Amino acid sequence: MKKFILLITISTLLSCGKKLDLKPDSTLVLPKTAQDFENLLDNTGVMNITPALAQLSADEYYITSFTLYQSLQDPIIRNAYIWKPDVYEGETQLGDWRAPYSQIFYSNNVLDIMATQDITNDPEKQRIKGWALFDRAYAFYALVSTFSKAYNRQTANTDLGIPLKLSSDITMNVPRSSVEQAYDQIIKDALESSELLQQDIITGKKNRPSKVASYALLARVYLSMRDYGQAELYTDKCLALYSKLTDYNSLEIRRGSSFTYNSEETIYFTQQRVDYDRVTYGSGGLYSVDTALISLYSASDLRKDIYFTSNANG
């Protein structure tokens with residue numbers, strides 16, 4: 001009887017072992033080809049989204065009445081607008097945090113798998129590696145700009161930055177870096193991407209970065225660090241490769257936006273998250289632009305009608 005029970009136990013354990021060896025879904029494919037990697041990074045609904053909290057707290061617009069302010073259902077919107085010290089009020093499901101880390105997860109997956117392959121003589125995969133590095137740098141920059149103190153050379157080593165997730169391993173617990181470490185990683189990724197990416201902006205695929213976009217990102221990052229010499233250097237590098245301007249006389253003035261996905265001045269396309277569109281762009285004329293800003297434009301300045309729309313509030 002004991003032998004019989006022992007045999008059943010061993011048989012059951014072996015069966016469990018076989019079950020555990022199976023993939024959760026036999027239709028799942030592990031990305032390994034250049035096309036597989038492109039498909040991951042071409043997911044614009046994930047990879048080309050930018051946080052909007054900074055725009056919510058901007059000072060170029062105002063809500064015209066307390067009633068309208070109270071009508072904003074999301075407390076985060078109300079708190080960001082008035083610069084309340086505790087913007088989040090204990091809320092942990094923050095899209096402006098979650099979206100960039102989703103981009104970082106996708107990028108890390110591509111980079112981790114490529115690290116197991118020899119891509120030395122594969123220019124296509126080298127380019128895609130640069131793409132993943134750019135996306136990670138862009139996401140880290142969005143996060144540190146939104147959730148950390150502004151860069152200050154005197155305090156950057158002690159100011160809290162962000163978790164620098166450099167692996168796709170979801171079980172890895174990463175503590176917050178310093179602001180200095182965060183900017184160092186952003187610059188490292190952006191510099192490496194500039195060496196691997198193609199020079200030209202791909203027509204019709206401006207969701208994909210180029211060497212031009214890498215230089216522009218580096219210029220923006222150094223500007224945030226108040227390192228104006230490096231900011232100028234990478235601005236010049238960017239403009240040396242691409243310096244097209246939009247002729248505003250040729251634009252059709254629209255209520256939504258006069259600029260399209262393929263506008264000449266767009267070197268890399270991303271869009272703000274729509275969660276806060278009630279304030280950022282979907283207000284339907286409920287909010288107004290600061291008159292001090294509007295007064296800076298002359299009556300003949302084309303930018304005034306292209307950037308702004310008149311409403312009942314003037």
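Counting along the sequence shown from 1, when you hit position 253 you're at 253 in full-length UniProt numbering, and nothing is skipped either side.
Here a beta-carbon is modelled for each residue, glycine too, at the ideal position from N, C-alpha and C.
Nothing here was measured: the structure is a model prediction, and the numbers come from that model.
Within its chain, find whatever has a CB closer than 8 Å to the CB of residue i; leave out the 5 residues flanking it on each side and keep chain order.
i, result
"Pro75", "Glu89 and Glu91"
"Ala156", "Ser178, Val179, Glu180 and Tyr183"
"Tyr81", "Leu56, Ser57, Ile63, Tyr69, Leu72 and Val279"
"Glu192", "Gly130 and Leu133"
For residue i, list the residues DSSP reports as bridge partners.
i, result
"Leu160", "Ser178"
"Ser250", "Per DSSP, none; premise fails for Ser250."
"Ile49", "Gln271"
"Val289", "Tyr61"
Between the options, which has its C-alpha nearest residue i's C-alpha?
i, options, result
"Pro175", "Ser298, Lys188, Leu160 and Val46", "Leu160"
"Asp112", "Pro100, Ser167, Gly95 and Gln93", "Ser167"
"Ser224", "Gln198, Ile306, Ile186 and Gln117", "Ile186"
"Tyr101", "Lys165, Ala216 and Thr309", "Lys165"
"Lys32", "Leu53, Val110 and Arg78", "Val110"
"Tyr215", "Tyr138, Asn152, Tyr261 and Met172", "Tyr138"
"residue 315", "Arg273, Ile306, Lys244 and Tyr151", "In the structure as shown, the chain starts at 1 and stops at 314, and residue 315 therefore has no counterpart that could be examined."
"Ile202", "Val212, Glu195 and Ser194", "Val212"
"residue 315", "Asp189, Tyr234 and Ser210", "Beyond the ends of the chain as shown, which are 1 and 314, falls residue 315; an answer cannot be given."
"Asn48", "Thr235, Ser257 and Lys205", "Lys205"
"Trp83", "Asn262, Asp59 and Leu302", "Asp59"
"Arg153", "Ser263, Thr50 and Arg226", "Arg226"
"Leu41", "Val87, Leu53, Ser107 and Ser310", "Ser107"
"Phe105", "Gln272, Asn43, Arg254 and Leu293", "Asn43"
"Ser243", "Gln272, Glu265, Gln271 and Arg254", "Glu265"
"Tyr151", "Thr171, Tyr222 and Asn121", "Tyr222"
"Asp290", "Tyr268, Tyr61 and Cys238", "Tyr61"
Can you list, in chain order, the residues of its chain with a C-beta nearer than 6 Å to that of residue i? Leave out the 5 residues immediately preceding and following it.
i, result
"Asp21", "Reliability fails at Asp21, whose pLDDT of 48 lies under 50, so the model's placement of it is uncertain and no value is given."
"residue 319", "Because the chain spans 1 through 314 in this model, residue 319 falls outside it and cannot be assessed."
"Lys125", "Ala34 and Ile119"
"Leu53", "Ala80, Asp96 and Thr146"
"Gln230", "Tyr222"
Applying the criterion that 16 or more other CB atoms from any shown protein chain within 10 Å of the CB defines a buried residue, is residue i buried or exposed?
i, result
"Val144", "buried"
"Gly130", "buried"
"Val29", "exposed"
"Arg127", "buried"
"Phe37", "buried"
"Leu196", "buried"
"Gln103", "buried"
"Arg136", "buried"
"Met114", "buried"
"Phe308", "exposed"
"Ala240", "exposed"
Specify the secondary structure class of residue i as computed by DSSP and reduced to three states.
i, result
"Ser193", "helix"
"Ser148", "coil"
"Ser310", "coil"
"Ile82", "coil"
"Ser107", "helix"
"Tyr141", "helix"
"Asn121", "coil"
"Asp135", "helix"
"Asn173", "coil"
"Ile128", "helix"
"Thr155", "coil"
"Thr33", "coil"
"residue 345", "This structure gives no information on residue 345, because the portion of the chain shown stretches from 1 to 314."
"Pro100", "helix"
"Thr44", "helix"
"Arg220", "helix"
"Glu232", "helix"
"Phe259", "coil"
"Glu264", "coil"
"Thr116", "coil"
Going along the chain, which residues of its own chain have a beta-carbon closer than 7 Å to the beta-carbon of residue i, five neighbours each way excluded?
i, result
"Arg78", "Tyr69 and Leu72"
"Tyr297", "Arg303 and Lys304"
"Ala232", "Note that residue 232 is Glu in the sequence shown here, rather than Ala. For Glu232, where only same-chain residues beyond five positions count, there are no Cβ hits under 7 Å."
Nearer than 8 Å: is that true of the beta carbon of residue i relative to any heavy atom of the ligand MN?
i, result
"Lys304", "Ligands in the displayed structure: none, and consequently the ligand MN is not present."
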